[in-house]
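My numbering applies: residue 5 is where the sequence shown begins, and numbers increase by one.
Heads up, the beta-carbon is just placed ideally off N, CA and C, and yes, glycines get one too.
Since the structure is predicted, the reported quantities are computational estimates derived from the model, not experimental observations.
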Amino acid sequence: MRRLHPRSPYEKLGGYVHLPRLIDKAKLHRKGLLDGYNYKTVGFDKHLLSFLKIEGDAFEEAVHRLENDDAILNWVETSCVKHSSDEIEHWNQAMISRHPDTAAKKARFSHFLKQSGGGGRKDIRTYFDLIEFDEGRLK
5 MRRLHPRSPY EKLGGYVHLP RLIDKAKLHR KGLLDGYNYK TVGFDKHLLS FLKIEGDAFE
65 EAVHRLENDD AILNWVETSC VKHSSDEIEH WNQAMISRHP DTAAKKARFS HFLKQSGGGG
125 RKDIRTYFDL IEFDEGRLK
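Take a look at the structure:
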């Protein structure tokens, strides 16, 4: 059975990395396809919702109610805290460059990379790249 994957965390909408992926996860969650995973309270999903100052349930409801990315982006832009393009770019770079920064995180990262078939890969150093590799977009 083929696994369903949300869009790449690198993909942007309205200037924000990860927003298209968050939209996909909200849609998958509503369909019961995230296997009990609460995307709204962990990882990059939580970070983006916090940066936007949008409550996770409100975001999911808007995604469910609205028809497409443009309508969702319009809702986000009218519902979230306004950020300058410099603030957005700074946030994007912080997310893109996130990497394991403690011994425990490095061990978990290496373990997950190995489980994903990338044991020994030295080119995969960030969480975004690990996601890309695990979901088959990075060879």
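With a threshold of 16 other beta carbon atoms within 10 Å, Arg25 meets it and is buried. For Val80, the enclosing alpha helix (DSSP H) has its first and last residue at 73-83. If you compare the alpha carbons of Asn78, Gly60, Phe132, Gly124 with that of Pro13, the shortest gap goes to Phe132. Tyr131 carries a helical assignment under DSSP once its states are collapsed to helix, strand and coil. Lys29 counts as buried, since at least 16 other C-beta atoms from the protein chains shown sit within 10 angstroms of its C-beta. When Gly124, Phe116, Lys126 are compared, the shortest CA-CA separation from Glu139 is found for Phe116. Considering only Thr82, Leu8, Gly19, the residue with the shortest C-alpha distance to His33 is Leu8. In this chain, Glu15 is not harboured by any alpha helix (DSSP H), its DSSP state being neither H nor E. The Cβ neighbour count for His22, taken over all protein chains shown within 10 Å, is at least 16; the residue is labelled buried.
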